[in-house]
Each structure stands twice: as C-alpha cells, then as structure tokens.
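Novice: The structure under discussion is supplied below as structure tokens; questions concerning it will follow.
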Ligand SMILES: Nc1ncnc2c1ncn2[C@@H]1O[C@H](COP(=O)(O)OP(=O)(O)OP(=O)(O)O)[C@@H](O)[C@H]1O
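Residue numbers (my numbering): 79 to 1063.
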C-alpha cells in the first residue's frame, strides 16, 4: 500500500496492477473444484495447475505452478472498502488537482469485475466510493471552485451507446486536435452530489446489456466506462487564471471467455467473439507498450476499447488495473491467462502530467492565430495586385455566371418542390374526395334503409291493426290498442316464427326484411363511423400540407398554381355537397310520399265512417242538424277540391256501367263524380251505396232521365271538336279553351237573339204554348272581368242549336218554381223525348213561391233550408271560388232558387233562365230598346227577362204586365249551382 501511494503526482509511472481473487461460489463447490490460486503475502499469488501430479518425478522440474507478484493482491476475504482504498482512493486527490486517472477491472467472465467496480447496494463498489470521495475532497477546499460532469457509456459488439441517454443511438469515436479521443454526442451531465451520481449510475446500469451465461448468471456482455471530469479553478478571478481539468475513468470490462466454458451459441457467441477481439486488442496494446526491445507500434485502433483507453494505457494518465481471477481449479486456464496479461501490464509506463490551462496561454494561442490570418490576408492582397485587369473582369463575369447558375439551381429546386407538393396535395385531395363520396353513398344507403324499414313497419302494423280489429269482434269490450299490445306480447312470449303465426305472405316478408334491414343498418353505421374518422384524418393531413405551402414555395406564380389546385378541390367538395343535398331531397320526397299514403289511408277510413253514419241516419230517417249538414257540405267540397287539385284532367267514361255509376253520384258535385267514375280506387266509391243515391238512381233509370245517346250528341260533338277530352260519353263540365268558349258564347247569343225575335212576333197572336217549350240554359258568367254579355241570359232553341252549332245541355234543365214542378212522371216525359223535337214539359205550376223571394229575408230563409237539405251553399261556393282566385258572384235572391220534385228530388233552376213555350223570338222591352238606341241586341238582359217579372214584386209588377208568362229552362236539377258553375260552353 505504501508503494502505491508513493506513485502519486506527475512524471513517468508504471501501471499499477492489483489482483483480486474472489471466493469460491456455490457452483464451483458443487463441482468439487479445488482452490488453485493462493495469495502469498501482500503482493504475491501462487497459481497451481490442477492437473499436476505431485508423484510424477519426470515432470517435477517442469511444474506448471506459477507465482506472480503485483502491486497488491487480495483474496476472497478482502472487503470492497479495502480494495477501493488500495486501488482508487489515492487517485481521487490527483483527479481533483487536474490529473487523469483510470481504474479498470480485467479478468475472465464471472471472475468478479462488476462486483468490484459496481458492487451491491450493501457493498458498494469502486465507482460509488470514488465519486463519494471526490465530492468530499471538493468540499474540503474553500478557495477553489469545481465543476463535475459525468458520462456513462458501454461498448457492446463494437458499438458505443450512451447509458445516460440511450435514445441517442450508436455514437462515434472522434479524435480532437490534440489527439485526444472523444465520443461525439455523448451526454455529459452535471453532478452536484454523491446521491445524484449514484442515481445516474443506477439508471445507466439498467440500460447496460446483461445476459446470463453458463459461467455467470449476471454476465455483462459489454465494456462499461464511467467518465468523471472535474474542472477546478480558483474562486478569485485573475487574468492569468489557472484551470485544472482532471478526468477519472472507471472501466468495467466484459469478461474474457472461452466459448466452451460459457456454452454460448448464436447471439451470445457473437458477443463473445467481439469481447475477445477487443480484449485481444487490449492485450496487444499491453504487449506493444511493454516491449522490452524498444518502442514498438501500439495499435490502439484495433478496437474501440483500446482507442478509448489510449490515454489510460500509454498517455497522460495514472492507471490502475485490477485483475480478477476465480480460485477454482476449473477456471485454471482463464486465471493463468489473466495473470500473465496482468503481469505484463505491470511494465506499462505512462507519463502523468497535470492538465492545466491558464489564461495567458490562451491569449497567446489567439495571438498566434490572428497573426497567421494577417499574413494570409497580405498574401492574398499581393496575389490580387499581380492579376491583370482582364482576369478581374473574367472573375466578375464568372461570379455573375455562378450567381445565375445558383439562381437557376434554386429555381429548378423550387419547381421540383412544387411538383412534389402538388403531387402530395393531389393525392390528399383524391383521398378526401373518395372518402366523401363513400360517406355520401353510405348516407344514402342509410336513408334507403330507414325508408325501407318504415315501409315494412307500415305493412306489419297495418296487419296488426287488422288482426286487432278481428279480435275486437270477439271481444267488443276491449280497445283495439290494448288488443294490439296483447298480440305483440303473445308474439314475443311464444317466440314463434312467422310461419307459425299464420300471417299473410307480405307480412312475413316484411318481418324478414325488417330483420335484414336492422343488421344492414348496424353494419352501415359501423362503416360510416370508420369512414368519417378516416375523412377527419385525411382532412388533417391536407390541412398540414396546405400550411406548408408558404414555407416550401417561394414564388408567387407557384403559389397561385397551388391556390388554384386548392380551389378546384373546394369546388369538388361543393359539387359533392350538392349531390348529397339532391339525395337528401329525394329521400325527403320519398318520405313525404309515405306520409301522404298514410294520410290517404286515414282519409279513406274517415270516409268510410262518415258514409256509414250517413247511411244510418238516412235509413232511420234522422235529420242531421244544420251545422252537421254544413260540415258535411264542406267535407264534400274539400274532397272535391282535393281531387281536382291532384288531377286536372278528367278521364273518359267508356262504358255504360260508368254512366250508371255517375248517375248514382249525382248528389255530388260533378268533378267529384267524375273522379269517382274515373278512379278504380275502392276508396273513391264509398258513396256509391248510399240508399238515397241508389233510390235516385233507380228512379231516374226507370224514368229515363239519364241521358240518352241522342241527348248527348250535340254537346259531345262540340267537345270532341274542341276539347282535349274526346270521349263521346263524357258527361262532366268540360275544360274548354278560351277560344272555344268565345265561339260558343257568340253562338249562344246569336241563337238567343233569334229566339227573342221569333218570340216577340208570336207574342201578339198565339199566347203561350207550354207544350212547345224547349229545354235550354241561361247562365250568368261568374268570372271576374268576363264579358258583360255573359251575364245576360240566353235562350236556346233546338232549331237554332242545329243551325248555329251551339250547345244544348240537356241535363241542365231546370224547372221553374213558378210553375208546377214536374213529377217523376212528367219528368220522364220531358226527358224521354228527343230534346230537339217536341218536348213535353210539365204544366207550369203557379205555386206563389215567388212571393217568398221578394226580399232578402225570404232569401235567407230559403238559404237556410237549402243548406239543411245538403244543397250547395253560398259558403261552399265562396270557398271554391276564393280558392281558385275568382270573384265570388253576388248572392242575391234573383240568382238562385231550388225546388223539389214530387218525390223530394232536388231541382235547381235559375229564375232568369226561361224558355218561351212556343219557341218564338224574345220580346224586347221598350226600355231595352231605348237603351240600345232602338236596336235589338238579339239577347235579353236581366231586366227584361228576369224572374222578377213573373213574380209579383212591387218594382216590376207594372212592367211585367206586358210580358208573357215565362217558363224557366228546366234542368236535371242536381247539376248543382248553375249560377256559380263555370259557364257550360
Ligand atoms: N469478492 C467477491 N465476494 C463475494 N462475491 C463475489 C466476489 N466477486 C464476485 N462475486 C460474485 O460472483 C458472481 C460473478 O461476479 P461478477 O458478475 O462481478 O463477475 P464478472 O467478472 O463481472 O463477470 P462478467 O464478465 O461475466 O460480467 C457474482 O454473483 C458476484 O456477486
């Protein structure tokens, strides 16, 4: 120990080599190994050959027993502290004062190197103790400032890794300008205390490559190097300040090993080869350094280990080698080799000097550099002056050329960057668009699924309702709703399949489809959420790319190109949005269709209920209240308007059966009737079986009121010529073009004028022949802004009709309330006859009804009655005309009157629609003459032929004396509201 201490300080020094023999371990005892290495004294060790036979006289002189002498020898009883004190403690002071020192543990695998260097928690090794002492040493000094940094690395398979920063990967060894070896990128951490150092050490050891081998359960497969750098300087600042830098290397080498002993294969074997290679290099270096024949070449470069330990082995470093051996006979060879190497290492000499840098030296260094630079500048100046001016021009041209080349290069680099960015953007946009489209398709699929689901649910629920209704027949006390719930429960409880339920095929199919749709919905939702996530990611990617544009692109043009690219993408997104909207609208339309069909079903149900109730009322002769009547009127009108709105065209009636059907529907307004006839929908026939209608139908069929073919001919011909509806059997009010209407109106007026003329002639001589009265029609126009002439009343005569090709509406005859209303008999008489020959009209009945219409009060009374009778009310007409944007005709008692036939059938007539019984011309009143400047107009105005002239109102009593009695054009009464209906052209 005394010897070792004497080596402290500078100068040439030998490598200090100590030996540590570990105790025998359990395995070795079990293997009955014998102890072959024995410590003799403080410095000596005797290694005995386990194979040597003491009785072999022949080999007595060639004993393999070897004796080695080292600086210090420790056996298995030596404590960690003792080893530390003898090998390292004395170095600490040197390091603090600026010397380099290295302690490395050498030996075969499992010989106890790591134990010595690192130790255990209870028995800390050299590393921890050295650092502890280092800090203690620094604390002792008051006037010096210290800075301690540490790094910890491993060399594994010839690769350097930073154990304090394992993420930094493989590090390189570099030599600095002074020939010193540095590890590039190695982290040097500041250490302030022993605890901190210990923490860092423990952290580093966890990162160290360690694997169990047959020779050692915790075999270190790498060389570990702990480097501690201590910088010391005086606390007092001075220009000539001295900075001392001491480095301490503590090295735990990997164990030299023989593959046979370790039983290593594969990876372990490769590790072993590397370990041995670096240790061989170390041995070679030791050999070279200790070459007695002079200065041999020391090849440190053979391994990273030797490069790193270059200073420690042959440079400015105080080095201690701790050789380790096992005492067991089974490790004889390894122990022998170690001892041989260690013994050789003893002769290595190093020159130790203090690492001192002072400020003066520092300034001198810079002064030299500055001087060198000045000389260089001078040299260049001279050179430039020697150059001819031509050369200078060339140089400047060259500079420009270089400049332009640089620019060109930059431009091409930019273009390349643009292409790259463009490509990336396009791919990203494309991805996004595909995802958007997928999402759109999935949305659409989802909507279709929901629609289909609704449809099937409707089928099932309709069936359920029907079944519950059937159940109600058996259990009248129960509500349909509760029955439905019960059915549902029973179905769930029984778990019966659709086949067992005796359900119709469509319901079975609907149930099956519902199942499939449910699964489909789940699947679609799943895919949709995945696509949505992917789309979000794609959007994020695009956004990042877009953010890079300003940085990666330098010119405005290129930016513009990319901007346009983005714009195109934006437009594509908009396009997809529009497509998506269209799909959504389609879906909404389909959904509304479903709702409508549901409402239709509901309406049909309501119709059935109303009809049934109506039949019941009529059968039992219960008269509904006025309010109910009005509501019913409104209901019918609503129905009619609905149908008119949904279908502007009237279909044709092709069969007689259709005509019969229409006859049954005469209670209804004509458009409604047409709809009924046209439609094949059973719900449209709900009123067919009204007893009253049937009765009417029967009566009229019997009496022949229904239009005969001959009666139809004129109208139909006209219609066929002028109307889009060319069916000869068409009955309803036609939708005639405006031109047609004008022609018809003109014809009508002409005929009326002729009739008036004839009538005035006949007036004086013949009197009135009611038997010869002809059916006709007189209509005021109800249209806003229509020709004034349309408001006049027209007389139609058969002869004129023929001549003028005008219209004769046979079914629109009305009976005058002033004359006797036709009975069924005389009705039939009237209608059976051919309309254009000899009409036999019923005798006029002077009932005095006209008196009732003298003033508004009476009209109101009549209106109320009519309303109660279910006839067309003003309210109905008002509603109808208002909806259609037409002006509503003024309701006066001069406009409408209704009556009833003998068997209570309704008839409508217009008070002003009169026919002369003898088909003579209309008389012209003096007042009319004077109004028209003495000219006959050919048709009659309201005043001349108003019904008021017949009824004895105070105003016209006097005037009417001159007039012959008139017969109103009679009509087949139930062709509703003449006054309001569109003129029947
Ligand atoms: N002086 C000692 N006292 C007690 N046990 C020791 C001593 N030296 C070594 N050992 C034990 O021997 C075993 C092997 O020691 P260690 O791991 O230090 O060997 P090594 O030389 O580092 O091997 P390798 O090169 O394979 O890493 C360990 O379990 C260790 O605790």
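Glycine included, each C-beta is placed from N, C-alpha and C at the ideal position.
Only a predicted model underlies this, so the values are computations on that prediction, with no experimental measurement involved.
Compute every distance between the C-beta of residue 235 and the non-hydrogen atoms of ligand 1, then say whether any falls below 8 Å.
Specialist: The answer is no for residue 235.
Novice: Are residue 232 and residue 181 closer than 9 Å when you measure CB to CB?
Specialist: No.
Novice: Can you tell me whether residue 359 is buried or exposed? The criterion is at least 16 other CB atoms within 10 Å of its CB, across all chains shown.
Specialist: By the 10 Å Cβ count, residue 359 comes out buried.
Novice: With H, G and I counted as helix, E and B as strand and the rest as coil, what does DSSP make of residue 299?
Specialist: Coil, per DSSP.
Novice: Looking at the structure shown, is residue 110 part of a helix, part of a strand, or coil, going by DSSP?
Specialist: Coil at residue 110, not helix or strand.
Novice: What does the Cβ neighbour count give for residue 740, buried or exposed, with the cut at 16 atoms within 10 Å?
Specialist: Its pLDDT being 34, under 50, residue 740 is placed unreliably in this model, and the coordinates cannot settle the point.
Novice: What number of angstroms, rounded off, separates the C-alpha of residue 663 from the C-alpha of residue 688?
Specialist: Their backbone Cα atoms lie some 36 Å apart in a straight line.
Novice: From the DSSP output, read off the bridge partner residues of residue 331.
Specialist: Residue 331 is not bridged to any residue.
Novice: Are there 16 or more other CB atoms within 10 angstroms of the CB of residue 193, so buried, or fewer, so exposed?
Specialist: So residue 193 ends up on the buried side.
Novice: Considering Cα atoms alone, identify which of 96, 406, 320, 543 is closest to residue 562.
Specialist: Nearest option by C-alpha distance: 543.
Novice: Could you tell me which of 483, 566, 124 sits nearest to residue 545, measuring between CA atoms?
Specialist: Nearest option by C-alpha distance: 566.
Novice: Taking the runs of the alpha helix (DSSP H) that are 4 residues or longer, which of them lie wholly in the segment 173-202?
Specialist: Here the runs fully enclosed are 191-195.
Novice: Could you compute how far the alpha carbon of residue 598 sits from the alpha carbon of residue 612?
Specialist: So the alpha carbons of these two residues sit roughly 21 Å apart.
Novice: At the level of alpha carbons, what is the spacing between residue 480 and residue 324?
Specialist: Roughly 51 Å between the two C-alpha positions.
Novice: Rank 387, 146, 602, 492 by C-alpha distance to the C-alpha of residue 126 and give the top, closest one.
Specialist: Taking only the C-alpha atoms, the option nearest residue 126 is 146.
Novice: Could you spell out the range, first to last residue, of the alpha helix (DSSP H) harbouring residue 208?
Specialist: Where residue 208 is concerned, the enclosing alpha helix (DSSP H) stretches over 204-218.
Novice: Are three or more beta carbon pairs between the segment 157-165 and the segment 188-202 nearer than 8 Å?
Specialist: Counting Cβ pairs under 8 Å, three or more are found: they touch.
Novice: Which residues bound the beta strand (DSSP E) around residue 223?
Specialist: Unbroken beta strand (DSSP E) run through residue 223: 222-234.
Novice: Below 8 Å, how does it come out for the segment 626-643 and the segment 529-538: are there three or more Cβ pairs, yes or no?
Specialist: With a cut-off of 8 Å, the segment 529-538 and the segment 626-643 do not count as touching, because too few Cβ pairs lie within range.
Novice: When you compare only the Cα positions, how much space is there between residue 284 and residue 187?
Specialist: Cα to Cα, the separation comes out at about 19 Å.
Novice: Around the Cβ of residue 97, are there at least 16 other Cβ atoms within 10 angstroms (buried) or fewer (exposed)?
Specialist: So residue 97 counts as buried.
Novice: If we ignore side chains and look at the alpha-carbon of each, how far apart do residue 247 and residue 630 end up?
Specialist: Residue 247 and residue 630: Cα-Cα distance of roughly 30 Å.
Novice: Helix, strand or coil for residue 240? Go by DSSP, reduced to three states.
Specialist: Strand at residue 240.
Novice: In the DSSP output, which residue or residues are listed as bridge partners for residue 268?
Specialist: According to DSSP, residue 268 bridges with 227.
Novice: Quick check on this structure: which residue in 394, 423, 455 has the alpha carbon closest to the alpha carbon of residue 430?
Specialist: When only C-alpha atoms are compared, the closest one is 394.
Novice: Would you call residue 675 buried or exposed, if buried means 16 or more other Cβ atoms sit within 10 Å of its Cβ?
Specialist: Residue 675 comes out exposed.
Novice: Where does residue 459 sit, in a helix, a strand or coil, going by DSSP?
Specialist: DSSP places residue 459 in helix when its eight states are reduced to three.
Novice: Tell me whether residue 405 is buried or exposed, calling it buried when 16 or more other Cβ atoms sit within 10 Å of its Cβ.
Specialist: Buried.
Novice: I think residue 279 touches residue 205, with their Cβ atoms under 8 Å apart; what is that distance to the nearest whole Å?
Specialist: Indeed they touch by this definition, with Cβ atoms about 6 Å apart.
Novice: Taking residue 263 as the reference, give the member of 550, 452, 242, 696 with the closest Cα.
Specialist: Residue 242 is the option with its Cα nearest to residue 263.
Novice: What's the gap between the Cα of residue 424 and the Cα of residue 364?
Specialist: About 9 Å.
Novice: Please indicate yes or no: does the CB of residue 98 lie closer than 8 Å to some heavy atom of ligand 1?
Specialist: Yes; taking the cut-off as 8 Å, the Cβ of residue 98 has a heavy atom of ligand 1 nearer than that.
Novice: Would the C-beta of residue 1064 count as close to ligand 1, meaning under 8 Å from any of its heavy atoms?
Specialist: The structure shown does not extend to residue 1064, since the chain is modelled only from 79 through 1063, so no value can be given for it.
Novice: Could you pull out every residue in the same chain whose Cβ sits closer than 6 Å to the Cβ of residue 357, ignoring the five residues on either side in sequence?
Specialist: 334.
Novice: Would you kindly work out how many angstroms separate the C-alpha atoms of residue 555 and residue 515, rounded to a whole number?
Specialist: If I take the Cα positions, the gap works out to 56 Å.
Novice: Any idea if residue 428 is buried or exposed, counting beta-carbon neighbours within 10 angstroms, 16 or more meaning buried?
Specialist: Buried is the call here.
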